[in-house]
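Chemist:
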Amino acid sequence: MSDHHASSVPKGPPGIILFTPRIACGLLGILIAAMVAGLNNRVAGLVLVDMQGALGFASDDASWLNTVYSAGELAAMPFATWCAITFSMRRFHSLMLSTALCLAAIIPFIHNLNLLLTVRALQGLCSGALIPILMMAALRFLPPHIRLHGLALYALTATFSPNVALAIATWSVDHVEDWRWAYWHVIPLGLMALGLVNYGIPKMPLVLPRLKQGNWLGMCLGIPGLAFLVIAFDQGVRLDWFHSPIIQSSLLAGIVFTCLFLITEWRHPTPFMKLQLLQRRNLGLGFSVFFILLIVMSSAVVLPSNTLMHLHNFRLQQIAAIGLVVGLPQLVLGSIVALLLYQKWVDARYLFALGLMCIALACWMASFITSDWRIAEFMPAEILQMIGQPLAVVSMLFLGTSVVQPMEGPYVAGIINTLRAFGTVFGASVVGQFLSQRSKIYHEQLLDQAALHTHQSTPFNINLAQLAADISQQATILATADLYRFFAIIAVVLIPIVLCLQYIPAPQLQTAPKAPQPNDSK
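For the sequence shown, position 508 matches number 507 in numbering that gives the first Met the number 0, and the numbering has no gaps at all.
1) Around the C-beta of Pro208, are 16 or more other C-beta atoms found within 10 angstroms, so that it is buried, or is it exposed?
2) Write down the C-beta distance between Tyr410 and Met272 rounded to the nearest angstrom, noting that I regard them as a contact closer than 8 Å.
3) Does DSSP classify Pro405 as helix, strand or coil?
4) DSSP three-state call for Phe56: helix, strand or coil?
5) If we call anything under 8 Å between Cβ atoms a contact, is Pro389 one with Leu332?
6) If you measure from the CB of Pro187, is any heavy atom of the ligand MG nearer than 7 Å?
7) What are the boundary residues of the alpha helix (DSSP H) that includes Phe241?
8) For Ser594 and Gly213, I'd like the C-alpha separation in whole angstroms.
9) Please determine, among Gly408, Glu443 and Asn40, the residue with the shortest C-alpha to C-alpha distance to Leu124.
10) Do you know whose CA, among Ala53, Ile503 and Met218, lies nearest Ser341's CA?
11) Under a Cβ-count criterion, where at least 16 other Cβ atoms within 10 Å of its own Cβ denotes burial, should Ile262 be classed as buried or exposed?
12) Whole angstroms are fine: how far does the CA of Ala505 sit from the CA of Ser471?
13) Near Ser160, which residues of its chain fall below 6 Å by C-beta distance, leaving aside the five closest residues on each side in sequence?
14) Locate the alpha helix (DSSP H) running through Asp469, then write down its first and last residues.
15) Would you check if the distance between the CB atom of Ala474 and the CB atom of Tyr441 is smaller than 8 Å?
16) What residues in its chain sit with their C-beta under 8 Å from that of Ile106, if we drop five residues either side in the sequence?
17) Would DSSP call Met272 helix, strand or coil?
18) Between which residues of its own chain and Ala166 is the CB-CB distance below 7 Å, once the five residues before and five after are set aside?
19) Taking the Cβ atom as the reference point for each residue, do Ala128 and Met88 lie within a distance shorter than 8 Å?
20) Going by beta-carbon coordinates alone, are Val229 and Thr66 separated by less than 8 Å?
21) Tell me where the alpha helix (DSSP H) around Thr117 begins and ends.
22) Thinking C-beta only, is Val172 closer than 8 Å to Asp49?
23) Please list the terminal residues of the continuous alpha helix (DSSP H) segment that includes Ala359.
24) Within a Cβ cutoff of 6 Å, which residues of the same chain sit near Leu100, ignoring the five residues on either side of it in sequence?
25) Suppose you measure from the CA of Gly285 to the CA of Ala450; what does that come to, to the nearest Å?
26) Near Gln51, what residues of its chain come up, given a Cβ to Cβ distance below 8 Å and the 5 sequence neighbours on each side ignored?
27) If we ignore side chains and look at the alpha-carbon of each, how far apart do Pro515 and Phe18 end up?
28) Is DSSP giving Arg314 helix, strand or coil here?
29) Excluding five sequence neighbours on each side, which residues of the same chain lie with their C-beta closer than 8 Å to the C-beta of Ser428?
30) Beta-carbon within less than 6 Å of Met76's beta-carbon, same chain only, minus the 5 sequence neighbours each way: which residues are those?
31) My assumption, with CB atoms under 8 Å, is that Tyr483 sits in contact with Ser249. Please give the rounded CB distance.
32) Taking the beta carbon of Ser435 as the centre, do at least 16 other beta carbons fall within 10 Å, making it buried, or is it exposed?
33) With H, G and I counted as helix, E and B as strand and the rest as coil, what does DSSP make of Leu205?
34) Exposed or buried, Pro328, counting other C-beta atoms within 10 Å across all chains shown (16 or more means buried)?
35) Expressed to the nearest angstrom, what Euclidean distance is found between the alpha-carbon atoms of Asn526 and Met395?
36) By DSSP, does Asn416 sit in helix, in strand, or in coil?
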């Protein structure tokens, strides 16, 4: 873009850029790019079986493709907003998005596993830098009377992208019949986002003197520390945790490096993330609830989808409806929640609690799962999840960001996105470990009961293969029901904690300041 665009951006008071349709286009581009980042991870993971078959990789080796992407994604998030200020938002965002798209284009042509892992990690690093910039831009450019709608759009990265990924993966594998589109589908969206960002986001100067002030020791500790934590939690269930030297060393290194990183951030005068902000009740307590909520939200689509695939060998095409039921309405529901939060009679804490109650009720309803359940039986719970997720997430964002000054927005964006990325990985680990342990317990109990029952039966009347399959199926169902009940209890326990957050009154609905117009001559 030319320098003329930078000079032509209408400005209000010093340091404030007035909101215009052109900036709205830029924000739309940043939103699309953030969704591209989420789809890059989720869709590719769903078609991993097709990819490893096409490229001839073993399943254990291919599982690392998701791990290294998540590691790169998390490692980038604490530092993305700092880089966006230092190198200018438009330049840095365009560089990260362009690199991620180029890597998406070439990944299907790479057949060397080590090279593929390297490229996938780099793609995760670039994609991870895109999501924090969305919240940073929303807090910076949106005036108060529409800022909540911007936060509702940010919430789509947690409520929309992960849920519609099933449908996109289905389109890639079953309709186009080419797994490579699981990577390529983001390119048209990404190019559109790139054009919108370069058109709408103002050109800002480089702030290179900030390079002398950066917490470089912290970055050298934080990037490997966070990456090691992802490796430990993402591969822990598969490698049986502490029975694996890889998990032992990754967890130890991750904890030590990350703790040292957080200490340097706390003590540094110009940190990447201002951790002292977490001393504010709505940030420290609210973000802790959000971290736990991310784990519980896996009960919406991931858990029923995996259960149906395991019990009935459903393909992606058969379970895509679950993701669409929860995901598509988020395009509207987030803004409806934002409109509610603008009403003076609405207390965001109670709206948050209502969302948690919907999620808890959904989990409790799903806990009555049986071997006869198909997609239709999950739908009442999915509808409650569809309603509860935006109520909880958008309300949490409002309560948290309302205690933040404009200059603190980049710090908050880095903190919440780091928690979001780590919470997603940690949640998947919790779900996997819980199901693994409970399934083993129920499997042993059912085997004992079957042995007692068949002791008096004639051995020739027993189909041992069918009996083993039935026991495995029932163990999975019982473990899944336990997990749903556990999530329901957690959601209910979070409600009184949410009510302890600081009350924030509804924002004033005032007219946004208009761009200066030329004076009419009289």
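Cβ coordinates follow ideal geometry from the N, Cα and C atoms, glycine included.
Modeler: Reading it off the structure:
1) For the purposes of this step, residue 208 is taken as the residue at position 209 of the sequence shown. Label assigned to Pro208: exposed.
2) For the purposes of this step, residue 410 is taken as the residue at position 411 of the sequence shown. For the purposes of this step, residue 272 is taken as the residue at position 273 of the sequence shown. That belief holds up - the Cβ atoms of Tyr410 and Met272 are roughly 6 Å apart, short of 8 Å.
3) Reading the sequence shown from its first residue, position 406 is the one you call residue 405. In the three-state scheme derived from DSSP, where H, G and I count as helix and E and B as strand, Pro405 is classed as helix.
4) Position 57 of the sequence shown, counting from 1, holds the residue named residue 56. Note: Phe56 maps to coil in three-state DSSP.
5) In the sequence shown, the residue the question calls residue 389 occupies position 390. In the sequence shown, the residue the question calls residue 332 occupies position 333. Taking 8 Å as the Cβ cut-off, Pro389 and Leu332 qualify as a contacting pair.
6) With respect to the ligand MG, the structure offers nothing, as it holds no ligand at all.
7) The residue given as residue 241 occupies position 242 in the sequence shown. No alpha helix (DSSP H) holds Phe241; DSSP gives it neither H nor E.
8) Absent from the model: residue 594. The displayed extent of the chain is 0 to 521, so no value can be given.
9) As a first step, residue 124 is located in the sequence shown; it is residue number 125 there, counting from the start. Checking every option, the nearest Cα to that of Leu124 belongs to Asn40.
10) On the sequence shown, position 342 is the one that residue 341 refers to. The amino acid at residue 341 is misidentified as Ser; the sequence shows Tyr. Among Ala53, Ile503 and Met218, the Cα nearest to that of Tyr341 is on Ile503.
11) As a first step, residue 262 must be located in the sequence shown, where it is residue number 263. Exposed, by the Cβ-count rule.
12) For the purposes of this step, residue 471 is taken as the residue at position 472 of the sequence shown. For the purposes of this step, residue 505 is taken as the residue at position 506 of the sequence shown. Rounded to whole angstroms, Ser471 to Ala505 spans 52 Å at the Cα level.
13) Sequence index remark: in the sequence shown, residue 160 carries index 161 (1-based). Same-chain partners within the cutoff: Met34, Gly37 and Leu38.
14) Indexing the sequence shown from 1 puts residue 469 at position 470. It spans Leu463 to Leu498 - the alpha helix (DSSP H) in which Asp469 sits, taken as one unbroken run.
15) On the sequence shown, position 475 is the one that residue 474 refers to. On the sequence shown, position 442 is the one that residue 441 refers to. Yes, Cβ-Cβ distance for Ala474 and Tyr441 is below 8 Å.
16) Position 107 of the sequence shown, counted from the start, is the residue given in the question as residue 106. Result list for Ile106: Leu115, Val118, Arg119, Gln122 and Tyr182, in chain order.
17) For the purposes of this step, residue 272 is taken as residue 273 along the sequence shown, with counting starting at 1. Met272 falls in the coil class under three-state DSSP.
18) As a working note, residue 166 is residue 167 in the sequence shown. Within the same chain, and ignoring the five residues on either side of Ala166 in sequence, the residues whose Cβ sits closer than 7 Å to its Cβ are Ala319, Gly322 and Leu323.
19) Translated into the one-based positions of the sequence shown, residue 128 becomes position 129. Translated into the one-based positions of the sequence shown, residue 88 becomes position 89. No.
20) If you number the sequence shown from 1, residue 229 lands on position 230. If you number the sequence shown from 1, residue 66 lands on position 67. A contact, by the Cβ cut-off of 8 Å.
21) Stepping through the sequence shown from its first residue, residue 117 is reached at position 118. It spans Leu112 to Gly127 - the alpha helix (DSSP H) in which Thr117 sits, taken as one unbroken run.
22) Your numbering for residue 49 matches position 50 in the sequence shown. Your numbering for residue 172 matches position 173 in the sequence shown. The answer is yes: Cβ separation under 8 Å.
23) Here residue 359 corresponds to residue number 360 of the sequence shown, with the count starting at 1. Start and end: Ala347 to Ala365.
24) For this step, residue 100 is matched to residue 101 along the sequence shown. For Leu100, where only same-chain residues beyond five positions count, the Cβ hits under 6 Å are Ile186 and Gly189.
25) As a position in the sequence shown, residue 285 is number 286, starting the count at 1. As a position in the sequence shown, residue 450 is number 451, starting the count at 1. Cα to Cα, the separation comes out at about 50 Å.
26) Mapped onto the sequence shown, residue 51 falls at position 52. Closer than 8 Å at Cβ, skipping near neighbours: Ala57, Ser58, Asp60 and Ala61.
27) As a working note, residue 515 is residue 516 in the sequence shown. As a working note, residue 18 is residue 19 in the sequence shown. In this predicted model, Pro515 has a pLDDT of only 48, less than 50, meaning its place in the structure is not dependable; the value taken from the coordinates is given anyway. Computed Cα separation, rounded: 12 Å.
28) What you label residue 314 is simply residue 315 of the sequence shown in a count that begins at 1. Three-state DSSP puts Arg314 in coil, outside helix and strand.
29) Position 429 of the sequence shown, counted from the first residue, corresponds to residue 428. Only Phe232, Asp233, Gly235 and Val236 meet the Cβ criterion.
30) Counting from 1 along the sequence shown, the entry for residue 76 is found at position 77. Same-chain partners within the cutoff: Gly127, Pro131, Asn416, Thr417 and Ala420.
31) The residue labelled residue 483 in the question sits at position 484 within the sequence shown. The residue labelled residue 249 in the question sits at position 250 within the sequence shown. With a Cβ gap of about 30 Å, Tyr483 and Ser249 do not count as contacting.
32) Taking the first residue of the sequence shown as position 1, residue 435 is located at position 436. Counting other Cβ atoms within 10 Å of its Cβ, Ser435 stays below 16 and is therefore classed as exposed.
33) Residue numbering aside, residue 205 sits at position 206 when the sequence shown is read from its first letter. Coil, per DSSP.
34) What you label residue 328 is simply residue 329 of the sequence shown in a count that begins at 1. Buried is the call here.
35) Shown here, the chain extends from 0 to 521; a query on residue 526 therefore has no answer.
36) For the purposes of this step, residue 416 is taken as the residue at position 417 of the sequence shown. Looking at Asn416 - three-state DSSP - the assignment turns out to be helix.
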